[in-house]
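Before any comments, here is the structure.
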Amino acid sequence: MASFENKTASDETAQKVAATTQKIVLLTEQNTKVLKALKEAKKHILTQDKQIKDLKAVAPKDNFMEAIQSYEAQLAEKTAEVERAKKELHDTRRAAKREQALMLSAWYSLGISQQRQSGGQQQQLGVNGKPDVTPLSWLAQQRKDATIHGRHPRNEHTYEVQERKINSTLSKVGVPYFGSNEPIVIDVPEKWMKMVNPTRANINQSMKEQIIELEETVKRLQFELNDTNNPDFEKLS
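Reminder that position 148 of the sequence shown reads as 148 in full-length UniProt numbering, one-by-one numbering, no gaps.
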């Protein structure tokens with residue numbers, strides 16, 4: 001009986017030892033795996049640390065101000081180019097305006113010379129041996145034609161209006177500039193106006209003389225009327 005109990009106790013002890021041994025083996029394997037994983041993690045950490053240090057070593061420094069200065073320099077260069085282009089455009093427009101003024105002056109001088117030449121050829125001797133003076137200006141020719149065709153001289157105001165319109169058109173000539181909507185205004189000198197219409201000054205002088213003569217006539221008539229209304233005038237008569 002005692003030997004059976006001892007055998008049973010030894011069997012239980014053997015089972016416990018076997019179970020404990022199995023646990024030890026499992027724990028040993030787990031410990032080995034954990035150590036291996038820990039070693040790999042440590043190696044990974046060291047590798048990452050090295051990479052971080054390398055990245056910090058080769059990373060560019062903060063150059064924000066340098067970038068701003070570079071952009072400002074580029075902006076200043078572009079602004080200078082724009083100013084040069086504006087100046088070139090302004091010079092080109094001035095040159096075009098000057099050339100157009102010279103062309104207009106040459107054309108105008110040619111027209112005046114042709115008009116004088118044609119007017120000189122028309123001044124021939126008449127029937128009485130006197131020169132047949134033909135008006136040089138277009139308006140004077142129109143007035144002469146109107147007189148020939150029996151128009152009333154009171155229509156002179158109409159011719160004056162036409163003359164003012166034509167002179168106003170000649171005094172300011174608008175020449176359109178290529179690529180621009182703004183007209184180039186060219187002022188024609190007053191001496192050119194006299195060359196275009198040489199009879200205008202004579203007409204104005206004649207009108208002034210007629211006005212002065214009429215004023216003197218009115219004053220004389222008023223003076224005579226006052227004398228006739230005077231009582232002493234009746235006594236004398």
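By construction, the Cβ of each residue, glycine as well, lies at the ideal position given by its N, Cα and C atoms. Keep in mind the model is a prediction, meaning the values are calculated, not measured.
Query raised in the report: Distance, Cα to Cα, Arg84 vs Ala57?
Result: The straight-line gap separating the alpha-carbon atoms of Arg84 and Ala57 is approximately 46 Å.
Query raised in the report: Comparing the CB of Glu77 with every heavy atom of the ligand FAD, is any distance shorter than 7 Å?
Result: In the structure on display, the ligand FAD does not appear, and there are no ligands present to speak of.
**Report entry** Straight-line Cα distance separating Ser10 from Glu40
**Finding:** Cα to Cα, Glu40 sits roughly 44 Å from Ser10.
Query - Straight-line gap, Arg200 to Leu104 (C-alpha atoms, nearest Å) - result: Reliability fails at Arg200, whose pLDDT of 49 lies under 50, so the model's placement of it is uncertain and the value that follows must be treated cautiously. If I take the Cα positions, the gap works out to 23 Å.
Query raised in the report: Taking DSSP as the reference, what is the three-state secondary structure of Asn31?
Result: Note: Asn31 maps to helix in three-state DSSP.
Query raised in the report: From Asp91 to Leu110, what does the alpha carbon distance come to, in whole angstroms?
Result: Rounded to whole angstroms, the gap between the alpha carbons of Asp91 and Leu110 is 28 Å.
Query raised in the report: Cα separation between Arg154 and Arg98?
Result: Unreliable positioning characterises Arg154 in this predicted model, as indicated by a pLDDT of 48, which lies under 50. A coordinate reading is not provided.
Query raised in the report: Any idea if Ser180 is buried or exposed, counting beta-carbon neighbours within 10 angstroms, 16 or more meaning buried?
Result: Confidence at Ser180 is low in this model, with a pLDDT of 41, below 50, so its placement is unreliable and the value that follows should be read with caution. Ser180 comes out exposed.
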